[in-house]
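**Student:** Provided herewith is a single structure, encoded as structure tokens, for subsequent inquiry.
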Amino acid sequence: MANTVVCGLVRVVTVAGVDGGLAARVGVLVGPPGLVVAQAWSTVSAHPVGAATAFAGYAALVEIGRFWVKVYRQVETQTVDRVAQTIDNRIKGLPSGSGFEKQYRQLVLHQHRHVDLKDQRVRGESVPDLADVYVDVTLDPRSVHAVAREPLASAPVPSTTARQSIWDFLATPQGAALAIIGAPGTGKTTLLKHLATELAQPVPGRPRRRDLPVMLLLRDRAADIVARPRTTLPEGIRDSLHSDLRRNEPEGWFDRQLADGRCTVLLDGLDEVADDSERQAVARWVESQIEAYPGNDFVITSRPQGYLSAQLNRPLILHVRRFTGEQIADFVRSWYGALRGSEFTAAARAKDAEDLLAQLRSKPMLYELATNPLLLTMIANVHLHLDRLPDSRAELYREICDVLLWRRHQTKHASGDAARRLGRQHERVLAELAFQMMLRKVRDVGLGQATEILQRALRQAGGSVTCEDFLASITATGLLIERERGEYAFAHLTIQEYLAAVHIQRNAYTTRLTQYIEDDWWRETSLLHAADPDSDPSPIIAACLDSGTLNALTLAFDMEQTAARRLPVPILRRLDEVRTEALSDPPSSPRRRLMTAATLARQLQDTVGSENGAVLCAKPLSHEAYRLFLDERGEQPGQAVVSREDGTAVGIPPHHVMDLVSWINGLRPDGPQWRPLSAHETQEAAFSLVSHRAADTVWCLDQQLQRLQRLRPWQPDWSPDPWVPRLDPPAEPSGTEGLDLLAFRYLTWLKKNLTEERIRHGFLSADHVSGLIENLRAYERVSPNVRREMERAIDIGERLLPSLAQDGGQARQPIVAFRAWPVGRGQDTDRLTLALTAAVSESRRRLGVPDDGTGLRRAYVRLSTRAIRDAAMRPVYPGDMYASLPHAWDRTIVATPEPPGPHDFLVEETRLIQELCPNTSAIASLDSEQLLSLGLAALTVASAAEEVGFLGLPHAAADYRTVAAGAVVLLQRLDDGIEPSEMIVLARA
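Start counting at 1 in the sequence shown, then tack on 175, and there's your number in the working numbering.
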């Protein structure tokens, strides 16, 4: 009871000590102990130490209790505030899909739902919806310096990462900060518009994290940010809304959404803030907003140079990558599929899309332009207007200019005369600008220089258009782009080169191009000038021939190809003389090598950009190039290497590939260094642009053995390897195939040897017949019929031998001391020859070879089906055949003093193989008869090594079977059993 009273007293006094002031705390500490002392004085006085200890414990207990009461009240207050805030948010914020948020999302959808075509529309009743034509661009984390000056469409910069979508970087557990960097026309703003519309409407399955889009144009907010650096992101959002929606916003609604981490903030066009100091101020403001609202996603877009001058610390830099072939196809199909109007039926749209894609794939240079979304839109508009793409780049550029400068107006209005005149006037002004930029060797021009050039050109063209209006009008078409604020460039360098060529032709400046025949900067302009049907490039070609350098000769022959029908006869004759004289020189002569280098440079100039950053030749290596290579080596092309109608060399053996590439690079050591394709490059979209047939094989560097320059063929999965033998299904094996072949070859050899001996000496020696009998007896494991014929020969030989020995000759004398019976003294020698002939015929029958000697090749391949199946399960190249020949040749090819026997026969077989296979190139050049002899000899030696232990080497049989399998391959490649399809496609960095 007393304890309960004390505890209750402690609780009371503790609360009093917390809520009261100093006097209350003193009262709590002194009052209750005083009452206890008054009630129990006798006990306290009897135990003063215990009383003092009890008082100290009481005081400590009071202080501890007072502390925990404070903690409890603080937690209680915060919990109440949090619950109240949550309820307030639910009341004021309203759920998605209703109230203010619903109005806001509808506004975002309305503002960003359409494609921004600028002024490129040609036909169609309405602008396509973004959702109908959008193709997701892919991004690559990379330093901004690596892409600072990358042009709109060119050979891509190598990337070590896989392609990634913007969605791969968003909706992470923590808020993301991303800087999207790309050249003009690469789709940065379109990407943000796509994000805004996708987030503005719920999509099943997409995470709801940060699904409220906020998009601001930084150029529109720059002045306010500079004037009021402390302005907040919610204030900026409100200022971007129209007045009605701004009034409907619940108080602090955007503040709460950002505080709760619900937003994806899209900030477009950092580079479009004109002044450098203002751009840096805007960048600092963006950085501060990222720090203030860390739970949200931030995405900022900029061109490279604009971002370099105002970089942010936090964002991950993502480079917008070029369209792949698949993305180009997706865009074209979506583009045509989204067109509206009664003239565009669904079938017609699909047909037009496939027609455009087919034309792009057949023109690699145009396909390069199509990797940029802006240029692809231009090309699509030209195709839409003309229902085709022009055959040449020059025609395409002319049509792009015409469509964007005046044809689209002709489509919109009944009369196009005024539009045509204005368009031609604008083209003349642009051509002047392009020519001046070419003279300055620049791709970008500042506003001041552009104004100076344009003012002069506009005065000459007449009219009252100001420079500012002209620039605004042309940049709206996309022909001229504002690469950075106040810095202009043509949409692609080739458009600049084309317009410069137009200016040269219009002003009769052809002779000025003769000054630049050695300058690669002017090469395309010269070729585009030559492509003009009204031009005469003869002065330029003559200057090139007079120069005689590699660059000049290459340009001369390229211009001939472009304008051959318009060139004067004297120029054509001179070109032909230069080519003929140079190529008729000895292969090692400097003039011939120069012409060879010029020929190769022309053939290798058309290229396609690969996704891994490499540049692929648009055409496989030509037969002419291969022939020139062999001429320098003093070799002839193998019979299986053929030239297709387009000049492509197919059937090039692998041992020539790396030597051929080295030879090409050696022709121009300071030029591009080429290599064969790698295997993974055949899987990229760029390879589909290389001119080849679907079933073709391409020699590729093995990725795992690339440093060793090891090659392997690539072919489609459904296409058989052209270096694997085509073997028929084997018949039921008899178990004696190897011995049958061995007997056939050996008996044939014995008969040949016997016949040659009679012809050479006019007689047979006793030693020769004796050795023949022993050799025939050595072969017991042959088929019964063959054995029967061999025994007949043995019987005849044994009956013949005594008559030969009676003449005093010894049966086993060395060959040099042979004495023999004259052939005319009896008919036993003829019977012996006939007996051997019968044995040969029977063994031939066992092999399925007709008696008339035909069909040996078919029998060989049939026999090979059983005998070399293990070796034939993989490709067999001439180099493999040469490498498989045993190293023990020097030991096995040894003359013997004995009469001709099995060893001598096999030695002759191995000698034949050696003669036919001195090196890899010789193997690849064998004709059909030589290959048949090689294959039969290799199979025979393999059978001997396997059946009777010839060579004494366990691996010899497998090695010779590899040689035999290779002979089958080469035979079939010559006889159309295997159609050669392998070619060389070169690539470079």
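The beta carbon of each residue, even a glycine, is placed where N, CA and C say it ideally should be.
Return the bridge partner residues of Q339 from the DSSP annotation.
**Tutor:** In the sequence shown, residue 339 corresponds to position 164, counting from 1. As DSSP reads the structure, Q339 sits in a beta bridge with L314.
**Student:** Starting from H667 and walking both ways along the beta strand (DSSP E), at which residues does that stretch end?
**Tutor:** Counting from 1 along the sequence shown, the entry for residue 667 is found at position 492. No residue range can be given for H667, since it is assigned to no beta strand (DSSP E) and is classified by DSSP as neither H nor E.
**Student:** Which residues mark the beginning and the end of the beta strand (DSSP E) in which L1161 is found?
**Tutor:** By 1-based counting over the sequence shown, the position of residue 1161 is 986. L1161 to R1163 is the extent of the beta strand (DSSP E) around L1161.
**Student:** Looking only at C-alpha atoms, which of A1097, G1141 and V440 sits nearest to L393?
**Tutor:** Mapped onto the sequence shown, residue 393 falls at position 218. For L393, the nearest C-alpha among the options comes from V440.
**Student:** Find out if the Cβ-Cβ distance for the pair E529, G826 is shorter than 8 Å.
**Tutor:** Translated into the one-based positions of the sequence shown, residue 529 becomes position 354. Translated into the one-based positions of the sequence shown, residue 826 becomes position 651. Their beta carbons are not under 8 Å apart, which means E529 does not touch G826 by this criterion.
**Student:** With a floor of 4 residues, list each alpha helix (DSSP H) that falls wholly inside the stretch 733–802, ordered by position along the chain.
**Tutor:** Scanning the stretch 733–802 from its first residue to its last, the whole alpha helix (DSSP H) runs of 4-plus residues come out as 744–759 and 765–778.
**Student:** Could you check if G621 is buried or exposed, using at least 16 other CB atoms within 10 Å of its CB as the buried criterion?
**Tutor:** Indexing the sequence shown from 1 puts residue 621 at position 446. So G621 ends up on the exposed side.
**Student:** What is the C-beta distance between L769 and Y801, in whole angstroms, given that I count them as a contact (C-beta under 8 Å)?
**Tutor:** Sequence index remark: in the sequence shown, residue 769 carries index 594 (1-based). Sequence index remark: in the sequence shown, residue 801 carries index 626 (1-based). The Cβ separation is near 19 Å, so there is no contact.
**Student:** For L1081, which of helix, strand or coil comes out of DSSP?
**Tutor:** The sequence position of residue 1081 within the sequence shown is 906, counting from 1. In the structure shown, L1081 sits in a helix (DSSP, three-state: H, G or I).
**Student:** Is the separation between the beta-carbon of A504 and that of L445 shorter than 8 Å?
**Tutor:** Position 329 of the sequence shown holds residue 504. Position 270 of the sequence shown holds residue 445. It is not a contact, given that the beta carbons lie outside the stated cut-off.
**Student:** Fully enclosed by the stretch 434–483, which alpha helix (DSSP H) runs are 4 residues long or longer?
**Tutor:** 451–467 and 479–483
**Student:** Rounded to the nearest angstrom, how far is the Cβ of L284 from that of Q432, given a contact under 8 Å?
**Tutor:** Here the question's residue 284 lines up with position 109 in the sequence shown. Here the question's residue 432 lines up with position 257 in the sequence shown. With a Cβ gap of about 18 Å, L284 and Q432 do not count as contacting.
**Student:** Using CA coordinates, which residue listed in E810, E799, P829 and V832 is at the minimum distance from E820?
**Tutor:** For the purposes of this step, residue 820 is identified with residue 645 of the sequence shown, where counting begins at 1. Considering only alpha carbons, the answer is E799.
**Student:** What is the residue span of the beta strand (DSSP E) that H494 lies within?
**Tutor:** Taking the sequence shown and counting its residues from 1, one reaches residue 494 at position 319. Unbroken beta strand (DSSP E) run through H494: L491 to V495.
**Student:** So what does R1086 bridge to, in DSSP terms?
**Tutor:** Within the sequence shown, residue 1086 is the residue found at index 911, counting from 1. According to DSSP, which records beta bridges pairwise, R1086 is partnered with nothing at all.
**Student:** Tell me, to the nearest whole angstrom, how far the beta carbon of L532 is from that of V495; I am working on the premise that it is less than 8 Å.
**Tutor:** On the sequence shown, residue 532 is found 357 positions in, with the first residue counted as 1. On the sequence shown, residue 495 is found 320 positions in, with the first residue counted as 1. 22 Å between Cβ atoms; not a contact.
**Student:** My output table needs one value for D871: the three-state DSSP class, helix, strand or coil.
**Tutor:** What you label residue 871 is simply residue 696 of the sequence shown in a count that begins at 1. Note: D871 maps to coil in three-state DSSP.
**Student:** If I measure Cβ to Cβ from A675 and keep anything under 6 Å in the same chain, skipping five residues before and after, which residues do I get?
**Tutor:** As a position in the sequence shown, residue 675 is number 500, starting the count at 1. If we look at A675 and ignore the five residues flanking it on each side, its Cβ neighbours are A609, F610, M613 and T700.
**Student:** Within 10 Å of its beta-carbon, does S1184 have 16 or more other beta-carbons around it, so buried, or fewer, so exposed?
**Tutor:** Past the edges of the chain, shown from 176 to 1164, lies residue 1184, and the structure says nothing about it.
**Student:** Using three-state DSSP, classify G983 as helix, strand or coil.
**Tutor:** For the purposes of this step, residue 983 is identified with residue 808 of the sequence shown, where counting begins at 1. Reliability of the predicted coordinates at G983 is poor, the pLDDT of 44 falling under 50, and the value obtained from them is presented with this limitation in mind. In the three-state DSSP reduction, G983 falls in the coil class, being neither helix nor strand.
**Student:** Reducing DSSP to helix, strand and coil, say where E410 ends up.
**Tutor:** If you number the sequence shown from 1, residue 410 lands on position 235. Reduced to three states, the DSSP call for E410 is helix.
**Student:** Tell me the start and end of each unbroken alpha helix (DSSP H) in the stretch 555–631 that is at least 4 residues and wholly inside, in chain order.
**Tutor:** 568–577, 583–587 and 592–615
**Student:** Whole angstroms is fine: what's the gap from V246's alpha carbon to P207's?
**Tutor:** What you label residue 246 is simply residue 71 of the sequence shown in a count that begins at 1. What you label residue 207 is simply residue 32 of the sequence shown in a count that begins at 1. The alpha-carbon atoms of V246 and P207 are separated by roughly 25 Å.
**Student:** If I measure Cβ to Cβ from L1146 and keep anything under 6 Å in the same chain, skipping five residues before and after, which residues do I get?
**Tutor:** The residue labelled residue 1146 in the question sits at position 971 within the sequence shown. The residues are L1106.
**Student:** How far does the alpha helix (DSSP H) with A861 in it reach, from first residue to last?
**Tutor:** Numbered from its first residue, the sequence shown carries residue 861 at position 686. That residue, A861, is in no alpha helix (DSSP H); it is neither H nor E in DSSP.
**Student:** Just the Cα atoms here: how many angstroms apart are P548 and R454?
**Tutor:** Taking the first residue of the sequence shown as position 1, residue 548 is located at position 373. Taking the first residue of the sequence shown as position 1, residue 454 is located at position 279. One C-alpha to the other measures close to 27 Å.
**Student:** My guess is that F755 and I715 are in contact by the Cβ rule of under 8 Å, so how many angstroms apart are they, rounded?
**Tutor:** The residue given as residue 755 occupies position 580 in the sequence shown. The residue given as residue 715 occupies position 540 in the sequence shown. Per the sequence presented here, residue 755 reads as Thr, with Phe not at that position. In fact, because the Cβ distance is near 22 Å, the residues do not count as touching under 8 Å.
**Student:** Measuring CB to CB, does C875 end up less than 8 Å from L864?
**Tutor:** Counting from 1 along the sequence shown, the entry for residue 875 is found at position 700. Counting from 1 along the sequence shown, the entry for residue 864 is found at position 689. No, they are not a contact pair.
**Student:** Answer yes or no: do L1240 and R615 have a C-beta to C-beta separation smaller than 8 Å?
**Tutor:** For the chain, the structure presents residues 176 to 1164; residue 1240 sits outside this window and is missing.
**Student:** So, using beta-carbon positions, are A860 and P891 closer together than 8 Å?
**Tutor:** To locate residue 860, count along the sequence shown from 1; it is residue 685. To locate residue 891, count along the sequence shown from 1; it is residue 716. No, they are not a contact pair.
**Student:** Please determine, among T774, L1149 and H287, the residue with the shortest C-alpha to C-alpha distance to A757.
**Tutor:** On the sequence shown, residue 757 is found 582 positions in, with the first residue counted as 1. When each option's Cα is compared against that of A757, the closest is T774.
**Student:** Just to confirm my understanding: we take L1149, look at its own chain, exclude 5 residues before and 5 after, and list those with CB closer than 8 Å. What are they?
**Tutor:** Here residue 1149 corresponds to residue number 974 of the sequence shown, with the count starting at 1. Correct list, in chain order: Q814, A815, D1102, S1103 and L1106.
**Student:** Consult DSSP for D877 and reduce its assignment to one of helix, strand or coil.
**Tutor:** Residue mapping note: residue 877 aligns to position 702 of the sequence shown, counting from 1. Coil.
**Student:** Under 8 Å between the Cβ atoms of V557 and V578?
**Tutor:** Within the sequence shown, residue 557 is the residue found at index 382, counting from 1. Within the sequence shown, residue 578 is the residue found at index 403, counting from 1. Taking 8 Å as the Cβ cut-off, V557 and V578 qualify as a contacting pair.
**Student:** Might you give, ordered along the chain, the residues of its own chain that have their beta carbon closer than 7 Å to the beta carbon of V1160, omitting 5 neighbours on each side?
**Tutor:** Reading the sequence shown from its first residue, position 985 is the one you call residue 1160. Hits under 7 Å: L791, C792, P795, L852, V865 and V873.
**Student:** Using CA coordinates, which residue listed in E276, S785, E607 and S818 is at the minimum distance from E426?
**Tutor:** Taking the first residue of the sequence shown as 1, we reach residue 426 at position 251. Checked all of E276, S785, E607 and S818; the closest Cα to E426 is E276.
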